[in-house]
Amino acid sequence: MVASHSSRWADVRTQFPGTAAGPYIDVAGRSLFFEGGRAALNAHLDTLTAGTVNKLALFETVEETRRLFASLIRCTPDEVAFTRNVTDGIAAFAAGIEWKEGDNVVLCEELEHPANVYPWFGLGRKFGLRVKTVAPEGGALSVERIVSAIDASTRVVTISSVSFAPGFRFPVAELGAECRRRGVLLVVDAAQSIGVVDTNVVAWQADAVAASTQKGLMSLYGLGFLYVRREVAEFLKPTYLSRFGVELDGHEAQVGDPISAAYGVGARRFDVGNYNFPAVITVAPALRLLLDLGPQEVQSYVFDLARKFTNRILDLGLPVFGGPPGAHSSHIVTVGADISDNNDVVGNLDMSSLYQHLVANGVRLSIRRNLLRFSFHIYNNESDIDVVTALMTEWVKRRAHGAAGTANR
Ligand SMILES: Cc1ncc(COP(=O)(O)O)c(C=O)c1O
244 MVASHSSRWA DVRTQFPGTA AGPYIDVAGR SLFFEGGRAA LNAHLDTLTA GTVNKLALFE
304 TVEETRRLFA SLIRCTPDEV AFTRNVTDGI AAFAAGIEWK EGDNVVLCEE LEHPANVYPW
364 FGLGRKFGLR VKTVAPEGGA LSVERIVSAI DASTRVVTIS SVSFAPGFRF PVAELGAECR
424 RRGVLLVVDA AQSIGVVDTN VVAWQADAVA ASTQKGLMSL YGLGFLYVRR EVAEFLKPTY
484 LSRFGVELDG HEAQVGDPIS AAYGVGARRF DVGNYNFPAV ITVAPALRLL LDLGPQEVQS
544 YVFDLARKFT NRILDLGLPV FGGPPGAHSS HIVTVGADIS DNNDVVGNLD MSSLYQHLVA
604 NGVRLSIRRN LLRFSFHIYN NESDIDVVTA LMTEWVKRRA HGAAGTANR
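This is the structure we're talking about:
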C-alpha cells in the first residue's frame with residue numbers, strides 16, 4: 244500500500260522533465276510544465292501547421308475543459324467562464340455588478356495581489372464605488388477584522404484563498420458563511436491555491452472565484468477560469484455582449500438579434516470571442532491528472548512536503564515566517580523574519596546571501612516581500628527537501644564561520 248502510494252508520486256514526477264535539473268520549488272511563480280500538456284499542445288500545433296484544424300473539435304475540447312475545471316472545484320459547467328487571467332476574471336465579474344454611487348468593497352490592499360486590487364479601483368473611477376481596506380496582522384487577515392469592516396454599503400468582500408506572500412491559507416468557508424448571512428458577495432482570488440488546495444466552491448460559499456492556469460494547473464500563461472455562482476450570475480450584466488456570451492443556435496459567425504439576445508446561461512455570459520485554444524488544450528490533461536490523483540490526495544501530499552520542509556528549516560534555526568506549521572500553513576513556505584511591501588528584493592542581507600547560495604546551486608525558488616518563497620506541487624518530493632536543507636545547513640555553517648556574506652546587523 245505504502246509502496247504503491249509512493250510509486251504513484253514517483254511516476255507523477257517522471258512526467259515533469261524539469262525535475263531532473265534540481266529542486267524546482269516555485270509553483271507560486273509558475274509550475275514546471277507537464278509532459279501530458281506538452282504532448283497535447285504539440286498535437287495542436289501539428290494541426291495548425293498542416294492546415295487540418297478541426298474547429299468543432301476545438302469547441303468540444305473547450306467544453307470538456309470547462310467540465311473538468313467544474314469537477315475540480317465542485318460546481319456545474321454552466322458556472323465556469325473562460326478568461327485571460329485572474330485580473331480579467333475579477334474585473335469581468337465586478338464590472339457585471341450594477342453598482343450604486345457610495346457602494347464599497349472590502350479588501351486588504353497590503354496582502355492582495357495587484358490582480359485583486361487594481362480592478363476595484365478601476366471600477367471605482369467609473370462607478371463611484373469605494374475600496375475599504377483592512378489592515379493585516381503579521382501577514383495574516385482574520386475573518387473578524389474583515390467582517391467588522393462590512394457596513395450597510397458593502398456589496399463585495401474579496402480575499403485570496405492563499406496569499407502570494409507570506410503564503411498563508413485563509414479560512415474562506417468561515418468568511419463565506421458570514422458574507423452569505425449579510426447578503427454580501429464573496430469574491431476569491433484562487434491564483435495560488437487552485438490545483439493544489441482541494442477546492443469546494445459550495446463549501447466556501449463563494450460567489451465568484453478567479454484562477455489562472457500557469458501555477459497549480461501546470462499550463463500556459465494567458466488563460467483563466469472564472470466561477471460565478473449560478474444564482475448570482477443570472478443578475479449580472481457583462482460589459483461585453485459577445486458571440487459566445489449569448490444564447491444563440493447556429494453557426495458561430497451568425498448574428499442573431501443583438502438587441503434582445505439573451506445572456507448565456509450562468510457564467511457562460513462572461514465568455515467572449517474565440518478561446519485561447521492552445522492554453523485550453525494544454526490545461527485539459529493537467530486537470531485530468533489532478534482529478535485522477537484526487538484533489539484531496541494532492542493537497543495532503545503537497546501540504547505534507549511543505550510541513551516537513553518547515554520543520555527542517557526551523558530545526559536549522561532559520562526563521563520561517565509564521566512559525567511552526569499550523570492552520571495558516573499551505574504549500575507555500577516563506578523564509579525570513581520580516582515581511583515588506585517590496586516584492587522582489589531581499590532587503591535582509593542574510594536572506595539575500597542564502598538566496599544567492601541556493602540559486603547558485605541550482606535551486607529554483609522566488610523572492611516576494613522580502614521573503615524567500617518556496618512552493619511545492621505534485622512533482623516535488625522529499626529529495627528536493629533533502630537537497631535544499633543540505634544547502635541551507637552548509638550556508639548556516641559558513642555563516643557561523645563568517646563566510647556566508649554579511650549577517651543581518
Ligand atoms: C494571489 C495572486 N493573484 C493573482 C496573480 C496573477 O494575476 P494575473 O493572472 O491576473 O496575472 C498572482 C500571481 O501571479 C497571485 O499570486
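Residues in the sequence shown are numbered consecutively from 244, following our numbering. Backbone N, C-alpha and C fix where the C-beta goes; we use that ideal spot for every residue, glycine too. No experiment lies behind these values; they were computed from the predicted model shown.
According to the Cβ coordinates, are residue i and residue j closer than 7 Å?
i, j, result
"Val405", "Gln435", "yes"
"Ile524", "Val255", "no"
"Arg472", "His571", "no"
"Leu614", "Phe546", "no"
"Ser626", "Val270", "no"
"His329", "Ala453", "The question names His, but residue 329 in the sequence shown is Val. Against a cut-off of 7 Å, the Cβ pair of Ala453 and Val329 comes out as a contact."
"Asp450", "Leu428", "yes"
"Thr401", "Asn359", "yes"
"Ala549", "Val578", "no"
"Lys375", "Ala392", "yes"
"Ala259", "Leu275", "Note on identity: in this sequence residue 259 is Phe, with Ala being the wrong assignment. Yes, the pair counts as a contact, with Cβ atoms nearer than the cut-off."
"Pro521", "His287", "yes"
"Leu491", "Thr326", "no"
"Gly605", "Gly265", "yes"
"Ala527", "Met461", "no"
"Trp342", "Phe312", "no"
"Tyr464", "Val305", "no"
"Ile610", "Phe552", "no"
"Leu634", "Leu608", "no"
"Val386", "Glu417", "yes"
"Pro562", "Ala580", "yes"
"Val241", "Leu559", "The chain is shown from 244 up to 652; residue 241 falls before or after that span and cannot be answered."
"Asp514", "Gly488", "yes"
"Ile437", "Gly459", "yes"
"Asp441", "Gln599", "no"
So residue i packs on residue j, CB below 8 Å; how close in whole Å?
i, j, result
"Gly467", "Gly332", "5 Å"
"Gly365", "Ala334", "7 Å"
"Val399", "Val348", "4 Å"
"Ala408", "Arg612", "4 Å"
"Arg511", "Asp321", "6 Å"
"Asp432", "Glu355", "7 Å"
"Thr456", "Ala338", "Thr456 to Ala338, Cβ: 22 Å. No contact."
"Leu616", "Gly410", "Here residue 616 turns out to be Arg, not Leu, going by the sequence shown. So it is a contact: roughly 7 Å between Cβ atoms."
Ends of the alpha helix (DSSP H) at residue i?
i, result
"Asn554", "Pro538 to Asp558"
"Thr292", "Glu278 to Ala293"
"Val415", "Val415 to Arg425"
"Phe364", "Tyr361 to Phe370"
"Ala314", "Rather than Ala, the amino acid found at residue 314 in this sequence is Ser. Lys298 to Ile316 is the extent of the alpha helix (DSSP H) around Ser314."
"Val508", "Where Val508 is concerned, there is no enclosing alpha helix (DSSP H), given that its DSSP letter is neither H nor E."
"Ile389", "Val386 to Ala392"
Just to confirm, does residue i get its C-beta within under 6 Å of one of the non-hydrogen atoms of ligand 1?
i, result
"His600", "no"
"Gln435", "yes"
"Asn328", "yes"
"Ala383", "no"
"His356", "yes"
"Asp432", "yes"
"Ser618", "no"
"Phe325", "no"
"Phe407", "yes"
"Ser403", "yes"
"Ser455", "yes"
Under DSSP, the beta strand (DSSP E) around residue i begins and ends at which residues?
i, result
"Ile628", "Run containing Ile628: none in the beta strand (DSSP E); it sits in the alpha helix (DSSP H), Glu625 to Ala643."
"Val399", "Thr397 to Ser403"
"Phe617", "Leu614 to Ser618"
"Arg373", "Arg373 to Thr376"
"Ile610", "Ser609 to Arg611"
"Thr326", "Val323 to Thr326"
"Asp432", "Leu428 to Asp432"
| task | Please confirm if the stretch 491-501 is in contact with the stretch 340-354, defined as three or more CB-CB distances below 8 Å between the two stretches. | result | Too few Cβ pairs lie closer than 8 Å, so no.
| request: Report yes or no: do the stretch 502-513 and the stretch 533-550 share at least 3 C-beta pairs separated by less than 8 Å? | output: Too few Cβ pairs lie closer than 8 Å, so no.
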